[in-house]
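Read the structure below first, then the notes.
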Amino acid sequence: ASGMWQVCVGDGAAGDTGEICSASITYQTTSADVGVTVDAPSGVLTGGQFTYVLTASNAGPDAADNVVVTDVLDADVTFVSSTCGASHAAGTVTWNVGTLANGASASCTVTVSMGAMCAQVTNNASVTSDAADGNTANDTDSLSNGGGNIVADASFEVGTPSTDWTEASTNFGTPLCTVAGCGTGTGTGPRTGDWWVWFGGIGATEVGSMAQTLNIPAGSNSLTFWAENFVCAGGAADFARVLIDGNELWRVDGTDASCGVLGYRQVTVDISAFANDASHTLTFDSTSGSTGTGSNFFIDDVEIVSAPVCGVAQAPQMRPEQVPATDHLRLVLLAVMIGLLGLFVVRRQQL
487 ASGMWQVCVG DGAAGDTGEI CSASITYQTT SADVGVTVDA PSGVLTGGQF
537 TYVLTASNAG PDAADNVVVT DVLDADVTFV SSTCGASHAA GTVTWNVGTL
587 ANGASASCTV TVSMGAMCAQ VTNNASVTSD AADGNTANDT DSLSNGGGNI
637 VADASFEVGT PSTDWTEAST NFGTPLCTVA GCGTGTGTGP RTGDWWVWFG
687 GIGATEVGSM AQTLNIPAGS NSLTFWAENF VCAGGAADFA RVLIDGNELW
737 RVDGTDASCG VLGYRQVTVD ISAFANDASH TLTFDSTSGS TGTGSNFFID
787 DVEIVSAPVC GVAQAPQMRP EQVPATDHLR LVLLAVMIGL LGLFVVRRQQ
837 L
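In this note's numbering, the protein residues as written are 487 to 837.
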């Protein structure tokens, strides 16, 4: 049970009395599944203000005390205000929610402003409490307006088995390598990190591939990646290539001028024909070794950049001033008085 506890040692022998106790400890068994979400109801807006809505919740089973939501704003937005009295310092908003009962939730609207230029902005929210939380998966939430690289595990650092790429290799099971597991084949090895794609590497027929299905947004017209093929053999029969939905868009083979050049080079491929907000399959594949000699084709750091999505903040609408009803009456009376005065003047002139 929860409460203050002590560890004590006593002597129950005849004629002996007393006990010795250690320092007290507090044992806390309160358990609460707290969570947080962040939303931008109107989207990210340039040239004015927009809002983020933070929602803290408690799925129980106990009440959660000292619930605190921390919201880290992007450097491209400026804090304006909040509806919950949250504090702000250096781009971090801190909302002291207090106690949330089992099943309860609370929301806070944070108003920010952004300049006229559309940029990728990300909001990162997290929640803590004094209760033990057995489910930390919902303790953080992130919201972005797009932009950045849409290729998952673009540098292959998840390793193998990959959760984002479909791997295949006739001889090795996967084209993914580390220096410790594969060596470098007299080449560079990974361009960044620890993992990279190594096609070939054996003096026997080797067919390998890495594939990923992803949504390519409109405007994402270029695929870039880094390639190295220091060791080339077998002529045109040894190759590596890039395909989208089975359509070949780039190829390098054993006759290319880049063969024998140590170091990675950046490759840019036009993918505008597939940039239509639809799902496509990106594939890197290779065949080598059919002539009995092996080639080494290295691939690393794949990127398809999407443009951030922004709306435009509406300028405040100027409403015409409304004249109160009492002012209308005064105007009417004034007009009547002016009319009577004019009549009086005219009549005086006719005398």
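C-beta atoms are modelled at their ideal positions from N, C-alpha and C, and glycine is treated no differently.
query = Between the segment 713 to 722 and the segment 650 to 664, are three or more C-beta pairs nearer than 8 Å?
reply = These segments do not touch.
Just the C-alpha distance for Asp619 and Val520, rounded to the nearest angstrom, thanks. Within the sequence shown, the letter at position 133 stands for residue 619. Within the sequence shown, the letter at position 34 stands for residue 520. One C-alpha to the other measures close to 7 Å.
* To do: Would you identify the three-state DSSP class for Val809, choosing helix, strand or coil?
  => The sequence position of residue 809 within the sequence shown is 323, counting from 1. Low confidence applies to Val809: its pLDDT is 49, below 50, so where it sits in the model is not reliable, and the reading given next is rough at best. Note: Val809 maps to coil in three-state DSSP.
How is Cys604 classed by DSSP in three states: helix, strand or coil?
Here residue 604 is taken as the residue at index 118 of the sequence shown, counted from 1. It is coil, neither helix nor strand.
Next on the checklist: Can you tell me whether Cys494 is helix, strand or coil according to DSSP?
Outcome noted: For the purposes of this step, residue 494 is taken as residue 8 along the sequence shown, with counting starting at 1. Three-state DSSP puts Cys494 in a strand.
C-alpha gap between Pro661 and Ala759, whole angstroms
Counting from one through the sequence shown, the residue named residue 661 turns up at place 175. Counting from one through the sequence shown, the residue named residue 759 turns up at place 273. Taking the straight line from one Cα to the other gives about 28 Å.
task = Would you mind giving the Cβ-Cβ distance between Val754 and Asp731, rounded to the nearest angstrom? I have them listed as a contact below 8 Å.
result = On the sequence shown, residue 754 is found 268 positions in, with the first residue counted as 1. On the sequence shown, residue 731 is found 245 positions in, with the first residue counted as 1. Residue 754 is actually Thr in this sequence, not Val. Contact doesn't hold; Cβ gap of about 19 Å is too wide.
Using DSSP's beta-bridge definition, name the partner residues of Tyr538.
Numbered from 1 along the sequence shown, position 52 holds the residue referred to as residue 538. Beta-bridge pairing by DSSP links Tyr538 to Val596.
Continuous beta strand (DSSP E) assignments of at least 3 residues falling wholly in the segment 693 to 759:
708 to 714, 725 to 730, 733 to 739, 751 to 756
**Message:** Suppose you measure from the CA of Arg677 to the CA of Asp756; what does that come to, to the nearest Å?
**Reply:** As a position in the sequence shown, residue 677 is number 191, starting the count at 1. As a position in the sequence shown, residue 756 is number 270, starting the count at 1. Those two C-alpha atoms are separated by around 23 Å.
Where Val795 sits in the DSSP three-state scheme:
Within the sequence shown, numbered from 1, the residue matching residue 795 stands at position 309. Taken through DSSP and simplified to helix, strand or coil, Val795 comes out as coil.
Self-check item: Residue range of the unbroken beta strand (DSSP E) whose run includes Val637
Solution: Taking the first residue of the sequence shown as position 1, residue 637 is located at position 151. Per DSSP, Val637 belongs to no beta strand (DSSP E) and is neither H nor E.
Problem - Beta bridge counterpart(s) of Thr578 as assigned by DSSP - result: On the sequence shown, residue 578 is found 92 positions in, with the first residue counted as 1. Per DSSP, Val558, Ala575.
Would you tell me roughly how many angstroms separate the C-alpha atoms of Val831 and Gln535, rounded to the nearest one? Reading the sequence shown from its first residue, position 345 is the one you call residue 831. Reading the sequence shown from its first residue, position 49 is the one you call residue 535. Any reading at Val831 must be qualified, since the residue scores a pLDDT of 42, below 50, and its modelled position is unreliable; no value is offered.
I need the DSSP call for Val665, collapsed to helix, strand or coil. Working through the sequence shown from its first residue, we reach residue 665 at position 179. Helix, per DSSP.
Just to confirm before moving on: does the CB-CB distance between Val798 and Leu531 stay below 8 Å? Numbered from 1 along the sequence shown, position 312 holds the residue referred to as residue 798. Numbered from 1 along the sequence shown, position 45 holds the residue referred to as residue 531. In contact: Val798 and Leu531 (Cβ atoms closer than 8 Å).
Extent of the continuous beta strand (DSSP E) to which Thr652 belongs: Against the sequence shown, residue 652 aligns to sequence position 166. It spans 652 to 655 - the beta strand (DSSP E) in which Thr652 sits, taken as one unbroken run.
For Asp557 and Asn624, which I take to be in contact (beta-carbon distance under 8 Å), what is that distance rounded to the nearest angstrom? Along the sequence shown, one-based indexing puts residue 557 at 71. Along the sequence shown, one-based indexing puts residue 624 at 138. In fact, because the Cβ distance is near 15 Å, the residues do not count as touching under 8 Å.
Inset, instruction - Have a look at Gly633 and Val566 and give me their C-alpha separation to the nearest angstrom. - result: As a working note, residue 633 is residue 147 in the sequence shown. As a working note, residue 566 is residue 80 in the sequence shown. Rounded to the nearest angstrom, the two C-alpha atoms are 24 Å apart.
- With DSSP as the reference, label Asp616 as helix, strand or coil. On the sequence shown, position 130 is the one that residue 616 refers to. In this structure, Asp616 counts as coil in the three-state DSSP scheme.
query: Rounded C-beta distance between Val555 and Val613? I'm assuming under 8 Å.
result: Walking along the sequence shown from the start, residue 555 turns up at place 69. Walking along the sequence shown from the start, residue 613 turns up at place 127. Rounded, the Cβ-Cβ distance is 5 Å, consistent with contact.
Check: For Leu559, which of Cys745, Cys570, Leu629 has the nearest alpha-carbon?
Finding: In the sequence shown, counting from the first residue as 1, residue 559 sits at position 73. The shortest Cα separation from Leu559 among Cys745, Cys570, Leu629 belongs to Leu629.
Among the candidates Asp739, Asn544, Gly775, Gly571, whose CA atom is the shortest distance from the CA of Gly687?
Translated into positions along the sequence shown, residue 687 becomes position 201. Of Asp739, Asn544, Gly775, Gly571, the residue nearest in Cα terms is Gly775.
query = If you drop the 5 nearest sequence neighbours on each side, which residues of the same chain put their C-beta closer than 6 Å to that of Ala690?
reply = Along the sequence shown, read from residue 1 onward, the residue named residue 690 stands at position 204. Around Ala690: Gly775.
Only counting the same chain, and skipping five residues up and downstream in sequence, which positions put a Cβ closer than 8 Å to that of Asp616? Stepping through the sequence shown from its first residue, residue 616 is reached at position 130. The answer, listed in chain order, is Gln514, Thr516, Ala550, Asp551, Asn552.
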